[in-house]
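Engineer: For the first sequence, the positions run 0 to 581 when numbering that gives the first Met the number 0 is used.
Ideal Cβ positions, reconstructed from N, Cα and C, are used throughout, including at glycine.
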Amino acid sequence: MIRDDLAERIYKAAKKAQRKGSLPKTEIPEVIVERPRREEHGDYAISLPLKMIADVNRALKEAEKPRLSPLEVAGRIVHRMVEAPYIGQVEVAPPGFINISLDEGWLAQQVEAILSVGDAFGDVDLGGGARMQVEFGSANPTGPMHVGFGRNLVLGDSLASLLAAAGYDVQREYYVNDSGTQIAKFAESLYLRYCELLGREPASESGLQAGEIPEGGYQGGYVVDWAQALVTAEGERFLEMPYEQALDQVREKGLAIAMENIRRDCERMNIHYDEWFSERSLYDPEAAPELGGSIFDRVMSILREGNHLYMKEGAVWFNATALGGDKDEVVIKSNGQPGYFVSDIAYHYNKFRQRGFEWVIDVWGADHQGHAPRMKAMMEALRLDPEQLTLYIYQMVTVVESGETVRLSKRAGTQVDLREVLDDIGPDALRFFLVARAADSQMDLDLDLARQQSDENPVYYVQYGHARIASILRYAEEQGHTDAGADVSLLAHPSEMALIRKMLELPEVVHTAAERLEAHHLPHYAQDLAATFHAFYRDCRVVSSDPADADLTKARLRLAAAAKLVLARTLTLMGVGAPDQM
RNA sequence: GCCCCCAUAGCUCAGUGGACAGAGCAGCGGCCUUCUAAGCCGUCGGUCGCAGGUUCAAAUCCUGCUGGGGGUACCA
């Protein structure tokens, strides 16, 4: 990448200046190459001289030599710089910057370079093929997916795409929480509604009261709908069997409906998982025959052997505080049921020890942030490096409708379904909206505003750019133009150069976004790129009817094709469609 | 109380310790007889929450304060 190469050249130039005696031998800080805001400062700016100046003058004073200005330091570094084909102008600017512009002849050739790389343009090698997992979107399968979870889905999926582009071998996984208290409550609620619809009393041993969703149960209207589906598909047969058996079967049916809903929503969001991992399998000895028992059994014995467990008040606790956690955590509840935390331990044992992921990212909402310290303690207990697990926390989405904050609870049935919003504003606009905000700032989703502004969503601006290029290419073909034998060195117009420059930023954006786990850079770059294309469109006629322009037309068709490719890649990284027509 | 995140234009938000703080939307004024006007051009709009500190340089780092969100369960 140009940015890294430049950094190295500057570093070497500074070293050489020191060797040749034009600069004193001070320590050279890391060379940071930035993209200046202002055009007249070139394509890249280096402020190294300013960072060095204090040390340099201190050393000069000790040697009883005259002081230097940062500008002079910059000049002496530049003097030792080795040329490169991509380097155009190199300037020093007050107070002590080194500004570098790309060579325009080289820039023009990059159109061919981009086209030859094709769909892989934008890829960088940060990961070196390391096997990793992004686990995201793992909503409890006890109801339809809530719109707030859309943020989880979109951030997780875009991160996965970014990391794949950055050279990691990425696996996308959904953790199906198909065991535990929530599922049990959900099954009871569903069973109760089922009885109601059939006008029957719940089985006496259920302890349920007709018409009364139990404490902590699910009140949402969808439970009635799903119960109705059970009635339609299964009739009354669940009432003709013992309660325990009926509850089991109702739970399985309910789970299937919930998962089908979730899968459908993911499909619509253009999210495709490699694996749907069942929590229940952690307790199933047959799921891990090589362990000679369940994964749960295995981690319990590891924890026991590591002296991480103790008894208190009838429950088994994990001693997280001894490993730097903030508080201890219940592993086996006093009723004998395993708590969620032990599932997490078993799950991560499976991820790292059985499946061998080198790096795992769990995408969590801020409402789960309290678990982070215990998760790190868990890694220690499993004798794993805590650095291998990244807990990626995003702040909550609050939904505002008619000027009021909607209280969101799946159990109370007051949530806004993801599907509703998908129907309103569509997946592309929703994805773009959700990915555009940094994960650590909370966001308000004003549904009225979102509906009203869905036509104004910047995603269409970007997609329109792509469609416009497609249209130009179609038109060119109709007019009998091809880009065969094009000579891209004819490209020299400032708007052509600007477009090529912008395209070349994609690898840097991918690098930065992947390194910092910040997907929100993508939509901002996409808008920039589209704007640069629209400016090119304004200034440069691509398909000319004048035979004298035939060569330029060919060159510009190549440029347009490259721009189309880069726009499409950027949209794809966000999971947003790149239409050829609007 | 303690822990985490946030506060930048009317609104929604970008902004690697660097040069005059940006974008979209909203507002105002222009531009279609040639490849898509879902576009382009111009204009209006800022005590970067407040107060200190570090630095040659702070929206950015540190401390305190104010305001908002989340957490602090044998729920997940």
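1. Looking at the strands, I want to know which residues DSSP matches up with residue 276.
2. Among the residues of its own chain, which have a CB less than 7 Å from the CB of residue 376, if the five just before and after it don't count?
3. Please tell me whether residue 582 and residue 13 are closer than 8 Å, where the distance is taken between their beta carbons.
4. Can you look up residue 151 in the DSSP assignment and give me helix, strand or coil?
5. Hey, how far is the Cα of residue 241 from the Cα of residue 184?
6. Leaving out five residues before and five after residue 253 in sequence, what residues of the same chain have Cβ atoms less than 7 Å from its Cβ?
7. Under the three-state reduction of DSSP, which class applies to residue 14: helix, strand or coil?
8. How about residue 398 and residue 405: do their beta carbons lie closer than 8 Å?
9. Taking the alpha carbon of residue 480 as the point to measure from, which residue in 548, 445 and 467 has its own alpha carbon closest?
10. By the 10 Å Cβ neighbour count, where 16 or more other Cβ atoms means buried, how is residue 4 classified, buried or exposed?
11. Spatial neighbours of residue 368 within its chain, please: CB distance less than 7 Å, with the 5 preceding and 5 following residues excluded, ordered by chain position.
12. Contact between the region 425 to 438 and the region 513 to 526: three or more CB pairs below 8 Å?
13. Please determine, among 550, 496 and 566, the residue with the shortest C-alpha to C-alpha distance to residue 107.
14. For residue 364, report the span of its beta strand (DSSP E) as first-last.
15. Counting Cβ pairs closer than 8 Å, one from the region 454 to 468 and one from the region 73 to 86, do we hit at least three?
16. Can you tell which of 543, 498, 143 and 335 has its C-alpha closest to the C-alpha of residue 527?
17. Taking C-alpha atoms, which residue in 487, 180 and 159 lies nearest to residue 336?
18. When DSSP builds the beta bridges, which residues end up paired with residue 399?
19. In angstroms with no decimal places, state the Cα-to-Cα distance between residue 212 and residue 203.
20. Checking the sheet assignment: what are the DSSP bridge partners for residue 308?
21. Would you report the Cα separation of residue 251 and residue 270, rounded to the nearest angstrom?
22. Here's the rule: buried if 16 or more other CB atoms are within 10 angstroms of the residue's CB, otherwise exposed. What is residue 172?
23. Are the region 139 to 150 and the region 100 to 116 touching by the rule of at least three beta carbon pairs closer than 8 Å?
24. Does DSSP classify residue 483 as helix, strand or coil?
25. Is residue 131 buried or exposed, if buried means 16 or more other CB atoms sit within 10 Å of its CB?
26. How far does the beta strand (DSSP E) with residue 393 in it reach, from first residue to last?
27. Quick check: what's the CA-CA separation for residue 90 versus residue 79?
28. Measuring straight from C-alpha to C-alpha, what distance separates residue 490 and residue 477?
29. Just tell me which of 255, 347 and 311 has its CA closest to the CA of residue 298.
30. Closest to residue 21 by CA distance: which of 56, 513, 37 and 578 is it?
31. Mapping DSSP to helix, strand and coil, what is residue 478?
32. Enumerate in chain order the residues of its own chain whose CB-to-CB distance from residue 577 is below 6 Å, with the five nearest sequence positions on each side excluded.
33. Cα-Cα, which of 246, 141, 285 and 289 is closest to residue 217?
34. Would a C-beta distance cut-off of 8 Å place residue 43 and residue 113 closer than the cut-off?
35. Could you give the first and the last residue of the continuous alpha helix (DSSP H) run that contains residue 576?
36. So residue 582 is in the alpha helix (DSSP H); what residue range does that whole segment cover?
Structural biologist: Well, looking at it:
1. Taking the first residue of the first sequence as 1, we reach residue 276 at position 277. Under DSSP, the beta-bridge partners assigned to residue 276 are 174.
2. Walking along the first sequence from the start, residue 376 turns up at place 377. Leaving aside the five residues that flank residue 376 on each side, the residues in its chain whose CB is nearer than 7 Å to its CB run, in chain order, 319, 322, 323 and 324.
3. This structure leaves residue 582 out entirely; the chain is present only between 0 and 581.
4. Locating residue 151 in the first sequence gives position 152, where the first residue counts as 1. Judged by DSSP in its simplified three-state form, residue 151 adopts helix.
5. Here residue 241 refers to the residue found at position 242 when the first sequence is read from its first residue. Here residue 184 refers to the residue found at position 185 when the first sequence is read from its first residue. Looking at the two C-alpha atoms, the distance is approximately 18 Å.
6. Counting from one through the first sequence, the residue named residue 253 turns up at place 254. Excluding sequence neighbours, residue 253 sits near 185, 186, 189 and 225.
7. Counting from 1 along the first sequence, the entry for residue 14 is found at position 15. It is helical.
8. In the first sequence, residue 398 corresponds to position 399, counting from 1. In the first sequence, residue 405 corresponds to position 406, counting from 1. Going by C-beta atoms, residue 398 is nearer than 8 Å to residue 405.
9. Translated into positions along the first sequence, residue 480 becomes position 481. Nearest option by C-alpha distance: 548.
10. Here residue 4 refers to the residue found at position 5 of the first sequence. By the neighbour-count criterion, in which a residue is buried when 16 or more other Cβ atoms sit within 10 angstroms of its Cβ, residue 4 is exposed.
11. Within the first sequence, numbered from 1, the residue matching residue 368 stands at position 369. Answer for residue 368: 392, listed in chain order.
12. By the criterion of at least three beta-carbon pairs nearer than 8 Å, the region 425 to 438 is in contact with the region 513 to 526.
13. Looking up residue 107 in the first sequence gives position 108. Considering only alpha carbons, the answer is 496.
14. Translated into positions along the first sequence, residue 364 becomes position 365. Unbroken beta strand (DSSP E) run through residue 364: 358 to 364.
15. The answer is no - the region 73 to 86 does not touch the region 454 to 468, with fewer than three Cβ pairs under 8 Å.
16. Taking the first sequence and counting its residues from 1, one reaches residue 527 at position 528. Ranking 543, 498, 143 and 335 by Cα distance to residue 527 puts 498 first.
17. In the first sequence, counting from the first residue as 1, residue 336 sits at position 337. Minimum Cα distance to residue 336 is reached at 180.
18. As a position in the first sequence, residue 399 is number 400, starting the count at 1. Its beta-bridge partners are 404 and 445.
19. Within the first sequence, residue 212 is the residue found at index 213, counting from 1. Within the first sequence, residue 203 is the residue found at index 204, counting from 1. Each residue's alpha carbon lies about 15 Å from the other.
20. Looking up residue 308 in the first sequence gives position 309. Looking at the DSSP output, residue 308 sits in a beta bridge with 317.
21. Position 252 of the first sequence, counting from 1, holds the residue named residue 251. Position 271 of the first sequence, counting from 1, holds the residue named residue 270. Between residue 251 and residue 270, the C-alpha separation is close to 24 Å.
22. Counting from 1 along the first sequence, the entry for residue 172 is found at position 173. Residue 172 is buried by the Cβ-count criterion.
23. Segments in contact, no.
24. For this step, residue 483 is matched to residue 484 along the first sequence. Collapsing the DSSP output to three states places residue 483 in coil.
25. Position 132 of the first sequence holds residue 131. The residue is buried, with at least 16 neighbouring Cβ atoms inside 10 Å.
26. Taking the first sequence and counting its residues from 1, the one referred to as residue 393 is at position 394. Its beta strand (DSSP E) spans residues 388 to 393.
27. For this step, residue 90 is matched to residue 91 along the first sequence. For this step, residue 79 is matched to residue 80 along the first sequence. Going by the C-alpha atoms only, they are around 13 Å apart.
28. Here residue 490 refers to the residue found at position 491 of the first sequence. Here residue 477 refers to the residue found at position 478 of the first sequence. Straight-line spacing of the CA atoms in residue 490 and residue 477 works out to 23 Å.
29. Reading the first sequence from its first residue, position 299 is the one you call residue 298. Checking every option, the nearest Cα to that of residue 298 belongs to 347.
30. On the first sequence, residue 21 is found 22 positions in, with the first residue counted as 1. Put simply, of 56, 513, 37 and 578 the residue whose alpha carbon is nearest the alpha carbon of residue 21 is 56.
31. Position 479 of the first sequence, counted from the start, is the residue given in the question as residue 478. Reduced to three states, the DSSP call for residue 478 is coil.
32. In the first sequence, residue 577 corresponds to position 578, counting from 1. Around residue 577, the same chain offers 465, 567 and 570 as residues with beta carbons nearer than 6 Å, after the five sequence neighbours per side are excluded.
33. In the first sequence, the residue the question calls residue 217 occupies position 218. Comparing Cα-Cα distances from residue 217 to each of 246, 141, 285 and 289, the minimum goes to 141.
34. On the first sequence, position 44 is the one that residue 43 refers to. On the first sequence, position 114 is the one that residue 113 refers to. Contact flag unset, no.
35. For the purposes of this step, residue 576 is taken as the residue at position 577 of the first sequence. Bounds of any alpha helix (DSSP H) do not take in residue 576, whose DSSP letter is neither H nor E.
36. The first residue shown for the chain is 0 and the last is 581, placing residue 582 beyond what the model contains.
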